[in-house]
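Remarks on the structure that follows.
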Amino acid sequence: MEAPRWQRLWLLCNASASVVLAVALWRLRRTAAAPLPSEEEGREEHPAEEKSAQGAMEKRKRTKVPIPSADQTLALLKGRRSIFPKDYNGRGRAIADEDIQLLLEGANWAPTHKRTEPWRFVVFRGEGMNRVLEATVEGNRAASTEDRGGETFEAWFADWEQSVEKKWKRCDVLIALSMLRQAQPDKCLPEWEELSAVACAVQNLHLMATALGLAGYWSSWNVTGRDSEAMAKLLGLSREAGDRCLGFFVLGSSDLVGKVRCGRGSIDEKTRWICSDPVAGG
1 MEAPRWQRLW
11 LLCNASASVV
21 LAVALWRLRR
31 TAAAPLPSEE
41 EGREEHPAEE
51 KSAQGAMEKR
61 KRTKVPIPSA
71 DQTLALLKGR
81 RSIFPKDYNG
91 RGRAIADEDI
101 QLLLEGANWA
111 PTHKRTEPWR
121 FVVFRGEGMN
131 RVLEATVEGN
141 RAASTEDRGG
151 ETFEAWFADW
161 EQSVEKKWKR
171 CDVLIALSML
181 RQAQPDKCLP
191 EWEELSAVAC
201 AVQNLHLMAT
211 ALGLAGYWSS
221 WNVTGRDSEA
231 MAKLLGLSRE
241 AGDRCLGFFV
251 LGSSDLVGKV
261 RCGRGSIDEK
271 TRWICSDPVA
281 GG
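Everything in the sequence shown is counted per the UniProt record's numbering, starting at 1 for the first residue and increasing by one.
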């Protein structure tokens, strides 16, 4: 019996000087009883489908959408969760190109000082994810024992193989998250500003994933492999110029989306208000 369909909210982010406004629409969710494509079918390249997805994205860009209410926006922010591969359903449920494009479009509207837009993304899916795993191994093989925290390559590799089986083989998509140190040739801002801009972009991306009902989280990845020349080459980064890979956003499907409880301490404990009163004369 086909499960009932329900509408879900997707987010369109707008940049401002200090806040990110989430804009979302309710979308029809695929029925839970729909047959799941095989890994090969879900990852074949279909130019006609890609063109259709691009057309839908362009139509969204031209359509004016009302900004959601404060309550809707706060609900989306509170609903964001980091969901890890151990709780994914495993590979096989293809994530639509259109949905990935929405994640990236949301990320692209992060705040950016002087509009340098330093964020860069590389999407890996299907067999393409093996390129990331291979670059990680290559980077560790070329590193010293000291760089690996005192581990021999053989000991590290044994642990890494377990991680691949338990974690990375359960993911559907890996999105490399990078910062160009000087994205604009005539502008070079302090590094912390560019790092902050990329972090805001990742938050936007994560909120879009939440709105689309996708499981995901920002992984700092294996540090030695992440910071290696092999990884920089794969991602098109220049270590000499100061470009940096900041990890990967990991995507999958999970039955826990929308069900993971989490809390925060009171904002009052983290806030001070300083209000100046007029100085009394005399």
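Ideal placement from N, C-alpha and C gives every residue a C-beta, glycine not left out.
Roughly how many angstroms lie between the CA atoms of R91 and F124, to the nearest whole one? Cα-Cα distance, rounded: 14 Å.
What are the start and end residues of each continuous alpha helix (DSSP H) run of 4 or more residues lying completely inside the segment 86-151, in chain order? The segment 86-151 contains these whole alpha helix (DSSP H) runs: 97-107, 129-142.
Assign V257 to one of two classes, buried (16 or more other C-beta atoms within 10 Å of its C-beta) or exposed (fewer than that). A residue is called buried when at least 16 other Cβ atoms come within 10 angstroms of its Cβ; V257 meets this threshold and is buried.
State the DSSP-derived secondary structure class of R170, mapped to helix, strand or coil. R170 falls in the helix class under three-state DSSP.
If you run the structure through DSSP and keep just helix, strand and coil, what is A241? Correct three-state label for A241: coil.
Assuming L235 and S178 make a contact with CB atoms under 8 Å, what is their CB distance in whole Å? Contact flag correct, Cβ pair sits at about 6 Å.
With a floor of 4 residues, list each alpha helix (DSSP H) that falls wholly inside the segment 199-244, ordered by position along the chain. Whole alpha helix (DSSP H) segments, 4+ residues: 223-226, 229-235.
Beta-bridge partners of V250, as assigned by DSSP: Per the DSSP secondary-structure output, V250 pairs in a beta bridge with L174, Y217.
For L214 and D99, believed in contact at Cβ under 8 Å, the rounded distance: About 7 Å separates the Cβ atoms of D99 and L214, confirming a contact at the 8 Å cut-off.
With distances taken from CA atoms, which of L195, K78, K270, G225 is nearest E134? Taking only the C-alpha atoms, the option nearest E134 is G225.
L74 classed as buried or exposed, judged by whether at least 16 other C-beta atoms fall within 10 angstroms: Exposed.
Assess contact between the segment 103-110 and the segment 200-219, defined as three or more Cβ pairs (one per stretch) separated by less than 8 Å. Is contact present? In short, these stretches touch, since the Cβ pair count reaches three.
For M231, which option in C188, N140, V260, S253 has the closest C-alpha, if you only look at C-alpha atoms? M231 has its Cα closest to that of N140, out of C188, N140, V260, S253.
What residue range is occupied by the uninterrupted alpha helix (DSSP H) comprising Q72? From DSSP, the alpha helix (DSSP H) with Q72 extends over 70-79.
If the criterion is Cβ atoms closer than 8 Å, does the pair C171 and L251 meet it? Yes. Within cutoff.
State the DSSP-derived secondary structure class of K187, mapped to helix, strand or coil. Residue state, collapsed to three classes: strand.
Just tell me which of A142, L174, K114, P118 has its CA closest to the CA of R131. Ranking A142, L174, K114, P118 by Cα distance to R131 puts L174 first.
Using a threshold of 8 Å, state whether the C-beta atoms of A110 and N204 are closer than that. Taking 8 Å as the cut-off, the Cβ atoms of A110 and N204 count as close.
Taking only the alpha-carbon atoms, compute the straight-line gap between C262 and F84 and give it to the nearest angstrom. When rounded, the distance between both Cα atoms is 14 Å.
Which residues in the same chain have their Cβ closer than 7 Å to the Cβ of W156, if we skip the five residues on either side of it in sequence? The beta carbon of W156 lies closer than 7 Å to those of N140, R148 in the same chain, with the five residues before and after it left out.
Could you check the C-alpha separation between E229 and R239 for me, to the nearest Å? So the alpha carbons of these two residues sit roughly 7 Å apart.
When you compare the CB positions of T217 and S69, do they come within less than 8 Å of one another, or not? Looking at the sequence provided, one finds Tyr at residue 217 rather than Thr. Not closer than 8 Å, so no.
Any beta-carbon of chain E closer than 8 Å to the one on A96? The chain inventory of the structure shown lacks chain E, comprising one protein chain alone.
Report buried or exposed for R272, applying the criterion of at least 16 other Cβ atoms within 10 angstroms of its Cβ. Looking at its Cβ environment, which holds fewer than 16 other Cβ atoms inside 10 Å, R272 is exposed.
Using C-beta distances below 6 Å, list every residue in its chain close to P37, excluding the 5 sequence neighbours before and after it, in chain order. Because the pLDDT at P37 is just 40, under 50, the model does not fix this residue reliably, and the value given afterwards should be weighed accordingly. Shown here for P37: same chain residues with a beta carbon closer than 6 Å to its own, the five before and five after excluded, namely A94 in chain order.
Cβ-Cβ separation, N89 to D268 (assumed contact under 8 Å), whole Å: Contact between D268 and N89 does not hold, since the beta-carbon distance rounds to 39 Å and is not under 8 Å.
With a threshold of 8 Å on Cβ separation, who are the neighbours of K86 within its own chain once the five nearest residues in sequence on each side are excluded? Excluding sequence neighbours, K86 sits near K166, K167, R170.
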